[in-house]
Amino acid sequence: METADVAIIGGGIVGSSIAYHLTAAGCRDVLVMERETAQGKGSTGKSMGGVRAQFSTPVNIQMSLYSIPFYASFDERLGYPAGYRPQGYLFCATSDKHLAYLRINFEKQVAMGLKDVRLVSTDEIRSMFPQLRSDDIVGGSFCTTDGFVDPYSAMTGFMTAATDHGAKLWKHTEVTGIERRGEGWRISTTREEVSAKKVVNAAGPWAAGIAKMVGLDLPVEPLRRMLVPTEPFDQFPHTAAMIIDMSNGFHFRPEALGFLLAWNDPGETPGYKMDFEPSFIEKILTRAADRVPMFENLAVNPKRAWAGLYEMTPDHHPILGEAPGLPGFLLANGFSGHGVMHAPATGKILSDLILTGKCDLIDTSLLNLSRFAEGRMIEETAVL
Ligand SMILES: Cc1cc2nc3c(=O)[nH]c(=O)nc-3n(C[C@H](O)[C@H](O)[C@H](O)COP(=O)(O)OP(=O)(O)OC[C@H]3O[C@@H](n4cnc5c(N)ncnc54)[C@H](O)[C@@H]3O)c2cc1C
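One point on numbering: in the numbering used here, the residue at position 217 of the sequence shown is 1483, and numbering is uninterrupted.
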């Protein structure tokens, strides 16, 4: 039987970051189990790679204030690239209500220590991106250190740095059962049994199934999100930010020689729906051309579009920390669309909780599972 101090279930970006932070803190007896034959087949490989600090709740802002500088220095710290590009996020408000909302968020972000965010006028948005239809834009907010990373590189960078320092990654190893044994845990897998002092559930959209193995009801639901990459298009600058049209949630960013288009269809319902729905293309192109008239000429190849799963919680915040009544069984789940950008902070928080039982980065009680039963939900409204 294999033994480990810490066994991590799931080799996506979250499991990889936790493994990295543990080994960086000196805990080298770490085993990551991933059921697929390669990393990145879950949500991480489907992500848009956006990173931002422009959130509405202090705890999400704090998670970003750790994570974005981490990504900025990732290559030097780990010796592997994460592909961080600080091209910004530009939120374009089309009503006074949106503008008031951005102003309140801006004040919170500045109060928390974010230096690179500013409110921008309609004229400023026009001069930044004259290609946008701006007749209904009433202003916006822009943060220069927001931007994008390459999720696959960041995930493999975390994992390679962790294995360089002693962690093990078992691919093609599905966890099929978990039992309490003495002070620790016995994990059944398709490879061999594992005895671990601590277990971390980092199974992304499949986290509720892992939690069920220990009798835990975890409020994490999969929700399909679809992305459409365009063919090469050079009439809009490739230095552009992630641009968000707040009138309908359509957003886009440069990707390779073209653009990556996103819009969260409000008609989507929870479930393990992984297929790309071809009718989505017309819906998103209509919204794209409405905000950027020259996008009427965009070409897309439906075969290159894809779908993946967000892992949604009722208040759109992750669930982090030890599960109530299950000592040594920890949760790192439910990122609600922000798991790539918050992976560095999550790795640090989980590593601190595992090794010392506390963490100074955030007030971890805000994100524990008990908040739902105790009526302490903290709603994040800035979800794309
Ligand atoms: C279309 C789309 C766009 C997104 N855009 C962004 C964005 O711009 N910015 C951002 O921050 N986030 C974004 N996200 C969200 C982000 O991708 C996720 O929050 C993040 O990848 C979650 O990482 P994870 O490691 O928890 O999950 P995953 O990457 O899904 O990893 C979980 C792993 O667990 C494995 N697993 C499951 N069950 C078992 C088992 N029984 N045994 C062993 N292994 C198991 C799976 O195979 C999987 O590899 C996006 C998501 C989607 C779908």
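Glycine included, each C-beta is placed from N, C-alpha and C at the ideal position. Small disclaimer: the values here were computed from a predicted structure and weren't measured.
Rounded to whole angstroms, what's the CA-CA distance from residue i to residue j? Just pull it up for me.
i	j	result
Ile1495	Ile1547	Position check: residue 1495 holds Pro in this sequence, whereas Ile was assumed. Each residue's alpha carbon lies about 10 Å from the other.
Thr1579	Thr1422	26 Å
Thr1269	Gly1443	16 Å
Ile1628	Leu1398	38 Å
Ala1473	Val1466	10 Å
Ser1282	Met1425	5 Å
Lys1549	Leu1493	12 Å
Leu1484	Ser1602	14 Å
Ala1428	Asn1326	26 Å
Gln1328	Arg1318	11 Å
Trp1436	Val1404	52 Å
His1608	Tyr1350	14 Å
Glu1588	Thr1630	10 Å
Glu1577	Asp1362	31 Å
Phe1595	Thr1310	23 Å
Glu1459	Ile1279	24 Å
Pro1544	Glu1445	43 Å
Ala1285	Gly1379	28 Å
His1604	Asn1634	17 Å
Ala1348	Leu1489	26 Å
Tyr1538	Lys1312	14 Å
Val1272	Glu1390	50 Å
Ser1419	Gln1375	28 Å
Thr1360	Gly1470	34 Å
Arg1570	Tyr1346	27 Å
Ala1377	Gly1450	42 Å
Met1560	Leu1551	11 Å
Leu1482	Val1441	16 Å
Ala1477	Cys1358	39 Å
Thr1456	Glu1300	11 Å
Pro1324	Ile1644	10 Å
Glu1640	Glu1646	18 Å
Tyr1367	Asp1618	34 Å
Ser1461	Asp1500	55 Å
Leu1331	Met1267	41 Å
Val1558	Gly1315	22 Å
Out of the options, which one is the CA nearest neighbour of residue i?
i	options	result
Arg1637	Phe1414, His1604, Ala1477, His1582	His1582
Pro1532	Val1486, Leu1385, Phe1516	Phe1516
His1504	Pro1352, Phe1336, Glu1300	Pro1352
Gly1600	Pro1610, Gly1594, Ile1585	Ile1585
Phe1414	Phe1518, Val1558, Glu1300	Phe1518
Gly1354	Glu1440, Met1394, Ser1387	Met1394
Met1512	Asp1618, Glu1521, Val1649	Val1649
Phe1502	Met1479, Pro1488, Gly1574, Leu1526	Leu1526
Ser1400	Phe1408, Thr1410, Ser1387	Ser1387
Thr1622	Glu1440, Gly1277, Ala1291	Ala1291
Cys1293	Ala1554, Ala1477, Ile1620, Leu1633	Ile1620
Arg1491	Val1383, Lys1478, Gly1308, Ala1377	Gly1308
Glu1497	Gly1524, Arg1369, Arg1457	Gly1524
Lys1255	Leu1365, Phe1408, Tyr1367	In this structure the chain extends from 1267 to 1650, so residue 1255 is not present and cannot be described.
Leu1575	Gly1432, Thr1552, Arg1452, Asp1541	Asp1541
Ile1453	Asp1430, Ala1366, Val1298, Met1643	Val1298
Leu1592	Met1479, Tyr1332, Ile1370, Gly1277	Met1479
Ser1322	Leu1288, Leu1356, Glu1373, Ala1555	Glu1373
Helix, strand or coil: which one does DSSP assign to residue i?
i	result
Asn1599	strand
Leu1575	strand
Trp1529	coil
Ser1631	helix
His1364	helix
Asn1567	coil
Pro1396	coil
Glu1300	coil
Ile1275	strand
Pro1520	strand
Met1643	coil
Asp1581	coil
Tyr1355	strand
Ala1428	helix
Glu1562	helix
Val1280	helix
Ser1387	coil
Val1460	strand
Gly1651	Nothing about residue 1651 can be read from this structure; the chain reaches only from 1267 to 1650.
Do residue i and ligand 2 come close, with the Cβ less than 8 Å from some heavy atom?
i	result
Asp1412	Absent from the structure shown: ligand 2. Ligands present: ligand 1.
| request: Kindly confirm or deny that the stretch 1299-1311 and the stretch 1337-1346 touch, where touching means at least three C-beta pairs closer than 8 Å. | output: Contact between the stretch 1299-1311 and the stretch 1337-1346 is absent, because fewer than three Cβ pairs lie under 8 Å.
| Counting pairs of beta carbons, one from the stretch 1564-1575 and one from the stretch 1505-1513, are three or more of them closer than 8 Å? | With the cut-off at 8 Å, the stretch 1564-1575 and the stretch 1505-1513 do not touch.
| Are at least three pairs of beta-carbons, each pair with one atom in the stretch 1607-1619 and one in the stretch 1328-1337, less than 8 Å apart? | Touching, yes, given that three or more Cβ pairs across the two stretches are closer than 8 Å.
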